[in-house]
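> Quick one: this structure, given as structure tokens, is what I'll be asking you about.
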Amino acid sequence: MDAIEAIGGSRPLSAEGFAQRAYDYALNPTRNSLKAILDQSESVEKTPPLLGGFNDIPWHKLREAEVHSWAKAGWSWIVNDAEHSQWEGWYGREHNAIESRHGILPVQRLAREACSEHGDAYQLGARATMRPYGTTYEDAERYFRSVNFPVPGSATPDDRGGYPVRDGERTMMFTPDQLRGAETETQGWIQFETKEYIIDIETRDRVLDLMAAQGRNKACGFVGPFDAILREGDLPEINDAVNALFRAAAERGIHTGRVVGHGAMEDPKDIEDGMVEAIENGARLICVHPLTSDMVFRGAYAMAEPFFKACKRCGF
């Protein structure tokens with residue numbers, strides 16, 4: 005399976021592709037479209053890269069046409085950012101449903117202090133949540149308790165709470181067994197964005213082992229070297245450490261990714277080369293650096309280019 009086959013066999017996505025995604029969602033609104041792709045591959049090495057980005061559009065400003073354009077362009081996942089965008093990035097049932105119906109995995113990013121909010125995000129239709137700024141193994145351990153239902157008789161204060169979800173006919177899953185049976189496709193995404201998680205090999209590997217223990221494709225990692233540098237200052241070894249993290253995760257069957265590109269790296273060829281480096285080291289969740297609100301300007305600018313080139317050719 006290559007990158008185009010992974011998103012439905014065509015880019016831009018066809019009407020038939022949109023219809024299939026909506027059909028799949030209608031049959032099972034608790035499905036995870038990204039995990040469904042990951043589950044088809046026998047290893048991280050065989051998994052095609054999947055494109056995503058960070059969404060800073062406030063929930064009350066989201067338009068379905070925008071989500072349609074992301075899917076049509078080839079995106080497979082989106083991080084709705086309620087960490088840095090606060091309440092504006094905390095997406096609700098209807099917003100997550102729009103994204104899922106278009107075959108885009110809604111990942112709800114939450115503040116580092118969040119605990120029960122992770123399970124509540126699943127109740128609102130997010131199929132993955134993202135935990136930032138971890139520095140210890142215990143941070144990761146607590147996070148994974150918060151995204152999983154308790155083991156009967158061994159509950160902790162951090163475990164996910166119980167609340168019924170609905171199937172495709174809006175029938176509520178009221179019993180614990182029904183709820184557990186319906187919520188099998190949620191994921192926990194850990195952000196590796198501190199020195200402790202990226203460069204400290206012992207802590208890194210313990211966290212990766214914990215992620216692998218969650219089950220096949222139940223945990224993903226996302227690397228953010230910017231914050232590590234912001235917190236620690238210049239780290240000459242950061243790029244090698246990030247690539248080593250990708251390789252270590254892939255060996256454990258964990259899919260990871262990163263943002264490629266930044267304000268000083270705008271040339272498309274440089275970005276492409278950076279993506280190649282990440283992919284060759286084992287990253288599969290590849291993220292563009294512009295935010296979703298930047299797309300309007302970038303699209304408008306590209307559309308205006310022929311006009312100004314024509315003006316220049318005509319002496320204006």
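Every number in the numbering used here is 4 more than the matching position in the sequence shown, counting from 1.
Positions of the beta carbon are idealized from the N, C-alpha and C atoms, including for glycine.
Just so we're clear, the structure is a prediction, and the values are computed from it rather than from any experiment.
Among the residues of its own chain, which have a CB less than 7 Å from the CB of Asn100, if the five just before and after it don't count?
Within the same chain, Asn100 has close Cβ partners Pro110, Leu128, Gly129, Ala130.
> Considering Cα atoms alone, identify which of Gly56, Asp244, Glu103, Leu42 is closest to Ile68.
A small fix is needed here, since residue 68 is Glu in this sequence, not Ile. Closest by alpha carbon: Glu103.
> Is it right to say Asp271 is buried, meaning 16 or more other beta carbons lie within 10 angstroms of its own, or is it exposed?
When all chains shown are included, Asp271 counts as exposed.
> Tell me which residues share the same chain as Glu145 and place their Cβ nearer than 7 Å to its Cβ, disregarding the 5 neighbours each side in the sequence.
The answer, listed in chain order, is Leu214.
> Does the segment 248-261 come close enough to the segment 16-24 that 3 or more CB-CB pairs lie under 8 Å?
As far as the Cβ criterion goes, the segment 16-24 does not touch the segment 248-261, which means the pair count is below three.
> In whole angstroms, what separates the C-alpha of Arg135 from that of Leu114?
C-alpha separation (whole angstroms): 6 Å.
> Sort Asp238, Trp193, Pro180, Thr207 by Cα distance to Gly261 and report the nearest one.
Nearest option by C-alpha distance: Trp193.
> So Tyr305 packs on Thr207, CB below 8 Å; how close in whole Å?
The pair is not a contact, with the Cβ atoms about 43 Å apart (cut-off 8 Å).
> For Leu339, collect the residues of the same chain with a Cβ closer than 6 Å to its Cβ; drop the 5 residues on either side in sequence, then sort them by chain order.
No statement about residue 339 is possible, as the shown extent of the chain runs from 5 to 320 and does not include it.
> For Trp94 and Glu9, what's the separation of their Cα atoms in angstroms?
Cα-Cα distance, rounded: 31 Å.
> With distances taken from CA atoms, which of Glu173, Arg174, Ala186, Gly172 is nearest Gly166?
Taking only the C-alpha atoms, the option nearest Gly166 is Ala186.
> Using a Cβ-Cβ cutoff of less than 7 Å, which residues in the same chain neighbour Arg97 once the five nearest sequence positions on both sides are dropped?
Cβ neighbours of Arg97 beyond the five flanking positions: Leu128, Gly129.
> Would you tell me roughly how many angstroms separate the C-alpha atoms of Pro33 and Val169, rounded to the nearest one?
If you take the alpha carbons of Pro33 and Val169, they lie about 9 Å apart.
> What is the DSSP secondary structure of Phe311, counted as helix, strand or coil?
Phe311: helix per DSSP, three-state reduction.
> Whole angstroms is fine: what's the gap from Leu295's alpha carbon to Asn36's?
Each residue's Cα considered, the two are about 23 Å apart.
> Using the Cα positions of Gln44 and Leu212, report the straight-line distance between them to the nearest angstrom.
Distance between the alpha carbons of Gln44 and Leu212: 22 Å.
> Compare the Cα-Cα distances from Cys224 to each of Val71, Trp81, Phe178 and report the closest residue.
Looking at the Cα atoms, Trp81 is the closest of the given residues.
> Spatial neighbours of Leu42 within its chain, please: C-beta separation below 7 Å, excluding the five flanking residues on both sides.
Thr51, Asn221, His259, listed in sequence order.
> Please report the distance separating the alpha-carbon of Ile233 from that of Asp204.
Their backbone Cα atoms lie some 14 Å apart in a straight line.
> Indicate whether Arg184 and Phe226 have their beta-carbon atoms separated by less than 9 Å.
It is not a contact, given that the beta carbons lie outside the stated cut-off.
> Starting from Gly319, trace the alpha helix (DSSP H) both ways and give me its first and last residue.
No alpha helix (DSSP H) contains Gly319, which DSSP labels as neither H nor E.
> Might you give, ordered along the chain, the residues of its own chain that have their beta carbon closer than 6 Å to the beta carbon of His293, omitting 5 neighbours on each side?
Closer than 6 Å at Cβ, skipping near neighbours: Val263, Gly265, His266.
> Counting only C-beta atoms, is Ala248 closer than 9 Å to chain D at any point?
No chain D is present in this structure, which holds just one protein chain.
> Is it true that the CB of Leu38 sits closer than 9 Å to the CB of Ala132?
Yes; because the gap between Cβ atoms is below 9 Å, this pair is in contact.
> Excluding five sequence neighbours on each side, which residues of the same chain lie with their C-beta closer than 6 Å to the C-beta of Gly78?
Only Ile11, Arg15, Leu55 meet the Cβ criterion.
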